[in-house]
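At position 329 of the sequence shown the residue is numbered 329 (my numbering), and the sequence of numbers has no breaks. Glycine included, C-beta positions come from ideal geometry on N, C-alpha and C. Data block below; observations after.
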Amino acid sequence: MAATVEGSKSGNGGRKRRRSARRRPGAPGSGDTGAGRSHRYRRLINPLARQPGFSEDRLAAIHDAALRVLEDLGIKVLHPGARAFFRNGGAAVDEGSLMVRLDRGLVAQCLASAPGVFDVKGATPERDVTLGGDHIAFAAVGGPPHITDIDQGKRDGSLEDHRNMIRLSQHFDVIHTQQINVEALDVPTHLRHLQVTESQLSLSDKPIFVFSRGAPQVRDCFELLRLARGLDAEAFARHPYCYTVINTNSPRQLDIPMCQGIIDFAAAGQVSLITPFTLSGAMAPVTIAGALTLQHAEALAGIVLSQLVRPGAPVVYGSFTSNVDMKSGSPAFGTPEFVKGAFGAGQLARHIGLPWRGSAATASNAPDEQAVYEFLMSAWGSVLGGVNLLLHAAGWLEGGLTASMEKFILDVEMLQIFAEILQPLDASDAEIGFEAIAEVAPGGHFFAAEHTMQRYQSAFYAPLVSDWRNFGQWSEDGAKTATQRANGLWKAILRDFEAPPLDTARRAAMHDFIARRTREGGAPPES
């Protein structure tokens, strides 16, 4: 029992505090890299009351204003094929200005066809992720060109760095989907999509991420996924197995690769997280209400396109609304404005009946105190706002330009605490413990009570990183900070990592496909 053992208070006898010198399994320095893993974290339900950003009448006013933006002002659509889908669906399209105007009846029709809840399939049913309703899932940092750790410092991301992040994401049950955690800059852009997709499929059994960087790259990634999962085209189209992020070019523009991504993913029945990049005061009005109005209009335009391509295509309402530092123009995260924006975004997603994607971001340049409090404010805003998929929830630094190995571990500690908070609180008669209260005399303690002895090994969350030893024991063990302890933990996880089983024939089929596509020249990104 690794608990603090205390006598009566100093005012009642003066006995000194004593701590057990024994470590719990998984305590800092114990070498137990399985610490904190729990199948209970694989499917999380958020029972917390949703925090509204607006009154119902103001929420309706924002929705109405967004519809007016689409009807009266329109959105610029750079992709000819996307404009054709809009035109054939009944939108007003001006080929001269490339502006598309959507009436509210068309928007309502398309919203009605988009599913409110759906599963994204993993390699096994245990790894399926449900998006929508009260379900909540976490994904690690996605897309930075740089990576850092306290040994080597900041550097360009490599394929091995990407694969290491995949390994860490696979290890922890509280990370539910994979991501392109860091760019593999040592792989040419026309081949990179092949390598990073193969890495996700060979090192993990969780749903994967695919960048929308042109139809040829997307087709290659879809084919690799089918080969790894043993799916024919019909089975692949029947369920979503992967997801992408679609960012609008705020204000009011959809570019060619993002339109193509919506088209490709909708046609294949795969998931698009349509996420306007509306930074208040920069690419959006300086007020949070104004930024959310623009966000809502742009998200609705992307959602409509997905449903015109394929009614019923799985799509997620995405938000990334925050403010900027008005002195430098840099994005700011974890701010009061970010939290309020998250409350409003979640409310808007529920208003239209779609799953909501949020983020847990920080502008800090190091895994320090700023990174922690900005992460927590961002995450709490999203969790209390009712987020269904929280992106960038582990390892994000420098406003998304850098992935951090240590911060990945520190963030996982916080995500596991969230996961524990979300677990139902048992208030059965046995847990209320009347008999335990009766057993212990006034002024006594509960350490040796039968109620305690039956539960002490699993009564409380066992931390991944936190060190609860006293100052003397902590000092004797090197006086390591949480960041230093996280450094040792990610190294131990990578040292002991074992990938989930993958059929030898499927692995070979992936490698043969990559070899063929490499000989053929791969697929450069398209824009």
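| Check | Outcome |
| --- | --- |
| Residues sharing a beta bridge with SER272, DSSP | THR244, VAL315 |
| Segment contact flag, the region 204-216 with the region 122-136, C-beta cutoff 8 Å, min 3 pairs | yes |
| Distance CB(LEU292)-CB(LEU348) smaller than 8 Å | yes |
| With 16 other Cβ atoms within 10 Å as the buried cut-off, status of SER55 | exposed |
| DSSP beta-bridge partners of HIS146 | ASP156, THR402 |
| Strand pairing of ASN323, partner residues [DSSP] | SER280, ALA332 |
| Min CB distance ALA291 to chain D below 8 Å | This model lacks chain D altogether, as it is built from one protein chain only. |
| Bridge-paired residues (DSSP) for VAL339 | DSSP, once it has assigned bridges, lists no residue as partnering VAL339. |
| Buried or exposed by the 16-neighbour rule on C-beta atoms within 10 Å, applied to ASP264 | buried |
| Assumed close pair VAL465, GLU413 - CB separation to whole angstroms, cut-off 8 Å | 5 Å |
| Collapsed DSSP secondary structure at SER359 in the structure displayed | strand |
| Segment contact, 8 Å Cβ cut-off, at least three pairs: the region 256-263 with the region 297-309 | yes |
| Cβ shell of GLN253 (< 6 Å), same chain only, five flanking positions each side left out | LYS76 |
| Best match in GLY122, GLN195, LEU48 for proximity to ASP512 [C-alpha to C-alpha] | GLN195 |
| Three-state class that DSSP yields for PHE85 in the structure shown | helix |
| Rounded separation between GLY36 and GLY358 - CA only | Bear in mind that a pLDDT of 49 at GLY36, under 50, signals an unreliable position, so the number given afterwards is only what the model happens to contain. Answer to the nearest angstrom: the Cα atoms are 24 Å apart. |
| For LEU391, the residue or residues it bridges with in DSSP | SER359 |
| Backbone secondary structure at ARG517 - three-state DSSP | helix |
| Residues of its chain near GLY318, where Cβ-Cβ distance is below 6 Å and the 5 sequence neighbours each way are ignored | LEU273, ILE274, THR275, ARG357 |
| HIS171 to SER202 span [Cα, whole Å] | 14 Å |
| Given 8 Å, three or more beta-carbon pairs between the region 177-185 and the region 423-430 | no |
| Spatial neighbours of LYS154 in its chain, beta-carbon cut-off 7 Å, leaving aside the 5 residues before and after | HIS146, THR148, THR402 |
| Of the listed residues LEU308, THR189, THR321, nearest to ALA269 (C-alpha basis) | Looking at the sequence shown, residue 269 is not Ala but Gly. The shortest C-alpha separation from GLY269 is found at LEU308. |
| Contact check, LEU78 vs ASP255, beta carbons under 8 Å | yes |
| Alpha-carbon spacing of ALA332 relative to THR504, whole angstroms | 46 Å |
| PRO355 versus LEU73 - alpha carbon distance | 27 Å |
| Nearest residue (CA-CA) to ASN46, options SER475, ASP134, ALA60, ASP496 | ASP134 |
| LYS76 (DSSP reduced to helix, strand or coil) | strand |
| According to DSSP, residues forming a beta bridge with GLN253 | LYS76 |
| Buried versus exposed call for GLY344 [16 or more other C-beta atoms within 10 Å across all chains shown] | buried |
| Option in GLU435, ARG58, GLY334 with minimal Cα separation from HIS451 | GLU435 |
| Selection from ARG43, ARG101, GLU95 that minimises the alpha carbon distance to LEU70 | ARG101 |
| Simplified DSSP assignment, three categories, for ILE136 | strand |
| C-beta contact flag for LEU44 and ILE136 at 8 Å | yes |
| Secondary structure of LEU354, DSSP reduced to three states | coil |
| Spatial distance of ALA139 from SER378 (CA atoms) | 14 Å |
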